[in-house]
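See structure below.
There are 2 protein chains.
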Amino acid sequence: METTEPEANVTRIMLAVNESSIKGYPHASISSRGAFEWTIQKIVRSNTSGFKLLFLHVQAPREDGFEDMDSIYAFPEDFKTMKHRDQTRGLHLLEYFVTRCHEIGVACEAWVKEGDPKEVICRQAKRMRPDLLVVGNRGLGPFQRVIAGTVSEFCVKHAECPVVSIKRSPGETPRDPVDD
Amino acid sequence: METTEPEANVTRIMLAVNESSIKGYPHASISSRGAFEWTIQKIVRSNTSGFKLLFLHVQAPREDGFEDMDSIYAFPEDFKTMKHRDQTRGLHLLEYFVTRCHEIGVACEAWVKEGDPKEVICRQAKRMRPDLLVVGNRGLGPFQRVIAGTVSEFCVKHAECPVVSIKRSPGETPRDPVDD
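Protein chains in written order, with the numbering used here: chain L, 6 to 185; chain Z, 6 to 185.
Here it is, written out as structure tokens:
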């Protein structure tokens, strides 16, 4: 099963992930985790050597001007050395996904970029040319969508690669469905 | 490699396919074939036992009232017996995909349904609950889309399962891009 395929031949799936907006829950959002689990269970399955996952987290600009945006994280250890250097926001989120990939045995890379999530995701998809972009989706109704905006709708319309939007399951919806 | 997984555990991918609109070209449309090849090359890959493809072709109602809409085709032979009985429109299209799946070694089923493609596809997706719906897309500009309509946009918005729309590559666009 563990035949290593040359990288040019693997299917590269980009996952746009974000932090939870729920207070006291400083981890990946429910819909990001749902999109990841769908990708592993329904697409990668047991064929771990055939895929590479590219995790992109986009965060709002920092007020203190600190930047550590261009590092690439591919192994759980990469986060340990980083932690002693600086506690960059959003990286515990990527650490979660990179560690999960490491356990499962599927190759991955992870980035943090700064800016407007929907635009940065589309720009990075254009640059990286993944075979598929997977984005989570809170499954909001039309009224809630107007208020909360949806990154997934924008990506489905504007990204230059195939995009699949994975709706959060009703059973996982928090008390305020705009939360995630 | 040929470990047969129980069906409940395979990833079921529904592909909505249609006939080419190009004269003298009575086969699958360019974008349908593109969507199929993407599914095989980028998702199924060598993991043929982990997937089942569900081909759905929706056609306009027949004027002569003839109906053969509820048959299921899963093997190339199914089309041979059908051919001696009746030459239903649209089935050579499904025969193409079922034969390709048979050669590749991935399980499949195929149907023809009658009605408005975008609505029937969403209804069948609701009934069949696939893990992913793949639809081809001519990649038309906004002006052409108004004239030609796009089934894929409707499905992305309204289907209850994850949907990915696969754009036709620019190199495969026929002289009239509304053709497919």
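No residue lacks a Cβ here, since even glycine has one placed at the ideal position from N, Cα and C.
{"Check": "Kindly say whether S37 of chain Z, judged by its beta-carbon, lies nearer than 8 Å to any beta-carbon of chain L.", "Outcome": "no"}
{"Check": "What are the partner residues of I171 of chain L, as DSSP defines its beta bridges?", "Outcome": "L:G141"}
{"Check": "Consult DSSP for C106 of chain Z and reduce its assignment to one of helix, strand or coil.", "Outcome": "helix"}
{"Check": "Taking only runs of the alpha helix (DSSP H) that begin and end inside the segment 22 to 65 of chain Z, which ones reach a length of at least 4 residues, in chain order?", "Outcome": "35 to 43"}
{"Check": "Within the 8 Å Cβ cut-off, does P175 of chain Z reach chain L?", "Outcome": "no"}
{"Check": "Is L20 of chain Z buried or exposed, if buried means 16 or more other CB atoms sit within 10 Å of its CB?", "Outcome": "buried"}
{"Check": "By the DSSP assignment, the beta strand (DSSP E) with C166 of chain Z in it spans what residues?", "Outcome": "Note, C166 of chain Z: premise wrong, no beta strand (DSSP E); not H, not E."}
{"Check": "Just to confirm, is the Cβ distance from R143 of chain Z to S25 of chain Z under 8 Å?", "Outcome": "no"}
{"Check": "Specify whether the segment 57 to 65 of chain L and the segment 118 to 138 of chain L touch according to this definition: at least 3 beta carbon pairs, one from each stretch, less than 8 Å apart.", "Outcome": "yes"}
{"Check": "If you pair each beta-carbon of the segment 151 to 171 of chain L with each one of the segment 94 to 109 of chain Z, do three or more pairs fall below 8 Å?", "Outcome": "no"}
{"Check": "Determine whether the beta carbon atoms of R17 of chain Z and G55 of chain L lie at a separation below 8 Å.", "Outcome": "no"}
{"Check": "Give the range of the alpha helix (DSSP H) segment to which A130 of chain Z is assigned.", "Outcome": "P122 to M133"}
{"Check": "With H, G and I counted as helix, E and B as strand and the rest as coil, what does DSSP make of V156 of chain Z?", "Outcome": "helix"}
{"Check": "Less than 8 Å between the beta carbons of C160 of chain Z and L137 of chain Z, yes or no?", "Outcome": "no"}
{"Check": "Does the Cβ of D185 of chain L have 16 or more other Cβ atoms within 10 Å, making it buried, or fewer, making it exposed?", "Outcome": "buried"}
{"Check": "Would you mind stating whether I48 of chain L and I48 of chain Z have Cβ atoms separated by less than 8 Å?", "Outcome": "yes"}
{"Check": "Report the option in Z:A115, Z:V111 and Z:F41 whose CA atom is closest to the CA atom of D83 of chain Z.", "Outcome": "Z:A115"}
{"Check": "Can you give me the start and stop residues for the beta strand (DSSP E) that V117 of chain Z sits inside?", "Outcome": "A112 to E119"}
{"Check": "If we ignore side chains and look at the alpha-carbon of each, how far apart do P191 of chain Z and K162 of chain Z end up?", "Outcome": "No information on residue 191 of chain Z is available, as it lies outside the stretch 6 to 185 that chain Z covers here."}
{"Check": "Check the C-beta distance from S174 of chain Z over to G39 of chain Z and give it rounded, since I have them as a contact under 8 Å.", "Outcome": "7 Å"}
{"Check": "Taking the alpha-carbon positions, what's the G110 of chain Z to A79 of chain Z distance?", "Outcome": "12 Å"}
{"Check": "Below 7 Å on C-beta distance, what does R50 of chain Z contact in chain L?", "Outcome": "T16, N52 and G55"}
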